[in-house]
Structures are given as structure tokens and as C-alpha cells.
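Protein chains in written order, with my numbering: chain Y, 5 to 345; chain G, 5 to 345. A quick write-up on the structure given underneath.
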DNA sequence: TGACATATTGCAAACGTTTGCAATATGTTG
DNA sequence: CAACATATTGCAAACGTTTGCAATATGTCA
């Protein structure tokens, strides 16, 4: 244990100047004679001196840390590549702006205290729920927060947020499947307290409405985003008297579970059933067959969220509202013509 | 912005007691009259008071934060599920002991300053290099550190670390392939400054030596762990005059790249070539064919690493040395009899 | 050289806690 | 009730910085 790390006092003493001068020299403030600054820096380096961040935070009223909250909805939810990609984007921007990342994989019990105890200067919630009252209250109290993906535009909640083109890409995906002749399209979505689920489902239904087709609601299954749920709901769909001829999976983990179910029944994709994944995994091109995918730009979402939060922290406010990034429908081989039954 | 958050003073004033009493009441220290404690807690809660963590850290000389360093070797290395699983394990234990996690996805330029600035109480390095002098120096200076996977036992570096049974499981995997008739076994490993690579390669060679067989070193390729490298080295192996009849891939990302290469040549697994993955992804059972895998218990590794570090922080030292967790060879369908050529 | 402007430096308060010690209140025992 | 033990409380120092302000040094100009 380094029992007594050098403090600014030690540097000052050795350099023969006052604390204040050392502080100014180290922080590159104006008004310290060049030769003195040089000497101070040299001595600081010799002594292996680093400013104590807590002391600094105490007086400056900022810690230089961004809190990242990831809900621990289930034991393994964090394995969703969505989160690693988001973190990667966040980290890139945070580092560039000299912020550290504090990661909390939580059932969000103490989001608020993380801020109130001033361990972080602001908070990013990844995969927020639309009834996350703690988050909403934090925002209303003027605390810097950013939500991914955010809240329905009509909800009146103006928390800065970053989303991707869900409506557009789901609309396009469903239209594409219909173009292949599919009419019975399954959709395994996530919990309906997620804006992702709400928005994607709305787009799904709108295609049917716009084309004057009836949407069989029994083919829509609300899951908890997990692999297990993907597996079991896919099973339920396949057990129907009239099973769907194609299925859309809401995220990467659901996709894996659903595929597992399909494989275990020895069904062929896309001959028996077409599969379309929504997600950010870049493994899908390696699946057999390679999966048709709505690719969500999660790294970019992370980067954007970090930029928004830093702006909110430093400018004191952020009126960017909701930012929407483009997403792509990548057509591969897991979707094909509707089998004739 | 909450411009003036309540401090301990505000609580003390309103409760009509001194700061010290409030402090003792809130921290559950002995020697404060039950009714006073109750009143203080009630008022603190009414005022939405939380102790300022920097002030606390300053006097207590601990911040309650664990630093997690993940090397950013390449832009997308962090996508390796190895890291999410490790983080999941770390988070579980850290939370249970009331530590926060500070995540740094770095080219480890400022590991040391993270500690010297007292932003963390200790540091866990995931996927350390064996010549990481900063890490070694931190350890020698008595700073709490844990390395995953650590250093070669013979190196004389006693940094606490957590590894899995690489030698044993690779030995078993190679023996298994040989049992299927394979003699030309490719091995795409990672950088040789990783104990993972060194140890796994040694076990690989030992099987050949023990069986009195010659090991063709041209089938061993040193990569940078990336998907891209997996793709190109797999290509090189397949381009050989006598390509291997089976291949072992060092980690999840290499595996994906190698499979991509194999698929793009329209080769069949395992008829044309057997593939054996080392990693922690639980997607492999869903691949077509499902992949034979040495499953590394990364969540457990993360948990153990966190426990070691917390012990080192709180006890002031940790003499556990290197902990080795069991790993499994899971035989699926990507490995089969050696094709006759 | 004197008068002023400006650059450099130091002093000391402030940030919000915890904690050793002394002071006081309360309880117990003979 | 005295004498002591013990439980409760408050005082004030300490943690390591930053920063406004005053003090001093240095430079400039007439």
C-alpha cells in the first residue's frame, strides 16, 4: 500500500512555492512564470504526484464521471451485444472528453443516489422503460440525463434521447416479407413498457392497415427480451394450427432463442419459415443461412448519447430532444418466398 | 441543476443536533440515542439528503470504486463476449460488496493514474499482457491489483490472478481430434504476449510430443485475436498445399472470422474441415452445425477476480496467488472423423 | 525617476465529510 | 446520595484541493 502519497504540499515545499502556484502550474492556468511552471512540473513528476480527484471534485463540484445504467432485467440480459456496442460508443466519446465511465448493471434501484451522492455528473440509461419514474424525476429536477431509446414523442417527456429509425425499417421489413408472399408474419417483441417495442409494433401493424390486410394478433408475442423467451414463444407460434410462414425477432437474444427452437424441430430456414432479426450483432452473416437483419447502429447510438450528456453537463442544459439515427435492412438468405401450404 | 443540495449541516440544523451526531446516525455507528437516530434519519429522508461521496472519500481514504481495465487492442475487440461476461461477473460481486465499477476501455495509457488520482481503490486488468510493466509496477508498489488471466507461473510475478484450465482442456481437445484421426491440426492463436496464447500453445504441442507425433508448426498462426485475423489466417491455412483437416480457434472473435472464411469457400463443416472453438459464447449451440467448444467460465472468472480484489483492498493484501477454474470440452457437431485425402 | 499598469505569487477560506477527544448526560451501585 | 461507570453528544481538526483577493514584483511610459 502506498501509505503516504505525495500531496500538493510536498510539491510546493520542494519547489519552494505556495500550494496555489503548484495548482495553477499543474492545471495550466495563466499567470505563472514559465520557469517556475517548468520547475514545478518537473518536481511533480519526480515525486510521482497526481492530484487527488476527490479533493478536486469537492471544490470544483464535478467529478468527471458519467454514470451508465444498464437494467439487469434477467441474469444474462447483459450478454446482449447491444450493451457492449453501446458501451464501446460511450467509452470512445467519454475518453475523448476526459470523462470516466461508471457502469452499473442494475435493477435501477439506486440510479438517483448515484447522482445525489455526486459520484457522477450525469446519467445515461440504456434501454430505459417508459414508466421509469426515477429517470423522469431526475430529468425534471434538472439533472443531466440521457435515455436510450427514450420515450414516445406524444408522451410529453422531453428527456434527451437517442433512437434509430425503428418505424421506417420495420415498415420496410414487413413490406419486404409481404412482397415475398408472406401474410402470416410472426413478431416476437419485448416488453411493452419499452419504446422499442411500442414503436416497432406500431410500424408492424401499420403495414397491414395500409395494405388493407388483416393482422392476426395471435402471431404477436410479448416477451421479456430473453433467449429463453425467444425459444418458448417461437415454440408457441410453431404449435399453432396455422403457424406463421415468417417471423421477425425483436432483438439479438430473442433471435438466438427462436433459431434454437426452429433448429430443434429440424425445420429449414427459409424453406419452412423465414426469419428476420432486428439487432446489432455482426455474427448474423456467419449463420447458416446468413440472417436477413435490420441492423441497429448501436455504436453510433452510444457515441451520440455520450455527446448529448456531456453537452447537458457542461452547458447546463441540452435541448437536442430526440435524435434518430438511420438503420438498415440487410437482406441475406434467411428470408425467402412464402411456402405454399 | 440542483444548485444547492442539502448537506449534513442542513440535516443537523433541522434536527437540532451536531454534524457528528448526524454522521453517526446515518452511518449506523454505535452511541446515538435511538429516538435521535430515528429523527435524524427521518429528516435526512425528508430533505432528500445523501452524503457527498467525494467528501467522504477524502477523509476515509477510500472511494468504494473498482477500476476495470479492458485493453482496446482493436476498434472492435470489446465486442468479444468474453468482456461482457467478465463484466457481468465483476458487477455481481462488486454490487454485493457495495463497490461501484469504473470501466476503462483503454490502450492502458493511464491505468496507473486512475489509482494515483484515487479514483479507484484497486484495479482489475482483463486480458493482461505478460509484459505489462505498468501493471507489474503497480503490484510491486503494493497497490491492489488483479490480473485475468495473469502471468506464467515460472515468471516470478505473484500478482493475484484468475485463469481457467487451459492446459488441461486444450490437451483434451487435441487428443480428441487425434482420436478422430486428425494429424494436421491448425491452431489460430492470439498474440504471444498473452498468457492465454502461451499456455494453450504449449498444451497443443505437448500432445504431439507425448504421442511421439510431429507437430507441423506451419499450421500454427499467431493473430491479434480479431475477427479479421481469424478470417485471413484461416484463408492462409486453407491455401496450403496440405491444408489442415481440423482447426482450433483461440477465442470467439477468431472463431467467427475463421467460419466466415470457411463458409465463403463453400466448404462443409465437419466434412471438409473440423472446427473447434475456445470461448464463452453461448451461441455456438445455435450455429449450423453446432460448434464443438472449450467453454471458458468467464462469468465465474469475473466473480472470482472481484472477490480477490476486494480482499486485497480490504485486508491490505491478498496471497491467493493464481486461481484456476475448471473449463469444459463440449463436443457437438462441428468436429468429425478426419477426411481421407 | 515617479507613476502607473500588469504579471506573478501567497494567504486563507471553502468544499462536505469523519473521527479522536473532551464534555456532558444518564444510569448503577453501595 | 455520593461516586463511579457508561452512554450520548459536540467541538474542532483533518482530508487535499481550488480560487478570490490582496500583496508583491516587474515592466512601461512620460
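Heads up, the beta-carbon is just placed ideally off N, CA and C, and yes, glycines get one too. For clarity, every value in this text was computed on a predicted model and none was experimentally measured.
**Request:** Taking only runs that begin and end inside the region 43-111 of chain G, name each unbroken beta strand (DSSP E) of 3 or more residues, in chain order.
**Result:** 69-75 and 104-110
**Message:** How far does the beta strand (DSSP E) with residue 170 (chain Y) in it extend, from its first residue to its last?
**Reply:** Taken as a continuous stretch (DSSP letters only), residue 170 (chain Y) belongs to no beta strand (DSSP E), being part of the alpha helix (DSSP H) at 170-183.
**Message:** Using a 10 Å radius around the Cβ and a threshold of 16 neighbouring Cβ atoms, would you call residue 227 (chain Y) buried or exposed?
**Reply:** buried
**Message:** So, does the region 41-59 of chain Y touch the region 117-126 of chain G, judging by three or more C-beta pairs under 8 Å?
**Reply:** yes
**Request:** Would you mind reading off the limits of the beta strand (DSSP E) that contains residue 297 (chain Y)?
**Result:** 296-299
**Prompt:** Of all the residues that make up the region 131-156 of chain G, which are near chain Y by a beta-carbon distance shorter than 7 Å?
**Reply:** 145, 146 and 147
**Request:** Under 8 Å by Cβ, that's how I've got residue 129 (chain G) and residue 73 (chain G) pegged, so tell me the actual separation to the nearest angstrom.
**Result:** 5 Å
**Message:** Taking the beta carbon of residue 338 (chain Y) as the centre, do at least 16 other beta carbons fall within 10 Å, making it buried, or is it exposed?
**Reply:** buried
**Request:** Check each candidate in Y:238, Y:221, Y:232 and Y:175 and name the one with the smallest Cα separation from residue 210 (chain Y).
**Result:** Y:175
**Prompt:** For residue 190 (chain Y), which residues from the same chain have a beta carbon less than 6 Å from its beta carbon, with the 5 sequence-adjacent residues on both sides left out?
**Reply:** 223, 241, 248 and 251
**Residue of G:267, G:316 and G:218 minimising C-alpha distance to residue 397 (chain G)** = Only positions 5 to 345 of chain G appear in this structure, which leaves residue 397 (chain G) out of reach.
**Prompt:** Is DSSP giving residue 260 (chain Y) helix, strand or coil here?
**Reply:** helix
**Prompt:** Under a CB-based cut-off of 8 Å, is residue 336 (chain G) close to chain Y?
**Reply:** no
**Request:** Using a Cβ cut-off of 7 Å, pull out every chain G residue sitting near residue 123 (chain Y), in sequence order please.
**Result:** 57 and 104
**Request:** With residue 145 (chain G) as the anchor, note down where its beta strand (DSSP E) starts and where it stops.
**Result:** Note, residue 145 (chain G): premise wrong, no beta strand (DSSP E); not H, not E.
**Message:** Quick check: the Cα distance between residue 217 (chain G) and residue 114 (chain Y), rounded to an integer number of angstroms?
**Reply:** 59 Å
**Request:** Please name the residue in G:88, G:81, G:8 and G:83 whose C-alpha comes closest to that of residue 82 (chain Y).
**Result:** G:88
**Prompt:** Along the chain, which unbroken stretches of the alpha helix (DSSP H) at least 4 residues long are found entirely within the region 180-220 of chain G?
**Reply:** 199-214
**Asked** Is residue 296 (chain Y) closer than 8 Å to residue 335 (chain Y) when the C-beta atoms are compared?
**Response** yes
**Request:** List the whole-angstrom C-beta distance separating residue 94 (chain Y) from residue 309 (chain Y), where the pair is believed to meet the contact cut-off of C-beta under 8 Å.
**Result:** 7 Å
**Request:** Check whether the Cβ atoms of residue 261 (chain G) and residue 234 (chain G) lie closer than 8 Å to each other.
**Result:** yes
**Item:** chain Y residues whose Cβ lies nearer than 7 Å to that of residue 288 (chain G)
**Value:** Going along chain Y, no residue has its Cβ under 7 Å from residue 288 (chain G), so there is no contact; the nearest lies around 11 Å.
**Request:** Given a cut-off of 8 Å, decide if residue 230 (chain Y) and residue 134 (chain Y) are closer than it, judged by their beta-carbon atoms.
**Result:** no
**Message:** The beta strand (DSSP E) that contains residue 280 (chain G), what's its start and end?
**Reply:** 278-283
**Asked** Which chain Y residues sit within Cβ distance under 9 Å of residue 67 (chain G)?
**Response** 57, 58 and 123
**Prompt:** Which residue's Cα is closest to the Cα of residue 186 (chain G): G:281, G:141, G:322 and G:341?
**Reply:** G:341
**Asked** Just the Cα atoms here: how many angstroms apart are residue 23 (chain Y) and residue 13 (chain Y)?
**Response** 6 Å
**Prompt:** Anyone know if the C-beta pair for residue 91 (chain G) and residue 105 (chain Y) falls short of 8 Å?
**Reply:** no
**Prompt:** Taking a cut of 8 Å between CB atoms, which residues from the region 262-285 of chain Y lie near chain G?
**Reply:** 263, 264 and 267
**Request:** Sort G:225, G:201, G:182 and G:153 by Cα distance to residue 214 (chain G) and report the nearest one.
**Result:** G:182
**Item:** Through-space distance from residue 279 (chain Y) to residue 118 (chain Y), alpha-carbon basis
**Value:** 41 Å
**Request:** State buried or exposed for residue 196 (chain G), treating a residue as buried only when at least 16 other CB atoms are found within 10 Å of its CB.
**Result:** exposed
**Message:** For residue 315 (chain G), count the other beta carbons within 10 Å of its own beta carbon; 16 or more makes it buried, fewer makes it exposed. Which is it?
**Reply:** buried
**Prompt:** How would you list, in chain order, the residues of chain Y whose beta-carbon sits under 7 Å from the beta-carbon of residue 88 (chain G)?
**Reply:** 82, 83, 87 and 88
**Request:** Pull up the distance between the alpha-carbon of residue 322 (chain G) and that of residue 165 (chain G), whole angstroms please.
**Result:** 10 Å
**Message:** Does the CB of residue 8 (chain Y) have a neighbour CB from chain G at under 8 Å?
**Reply:** no
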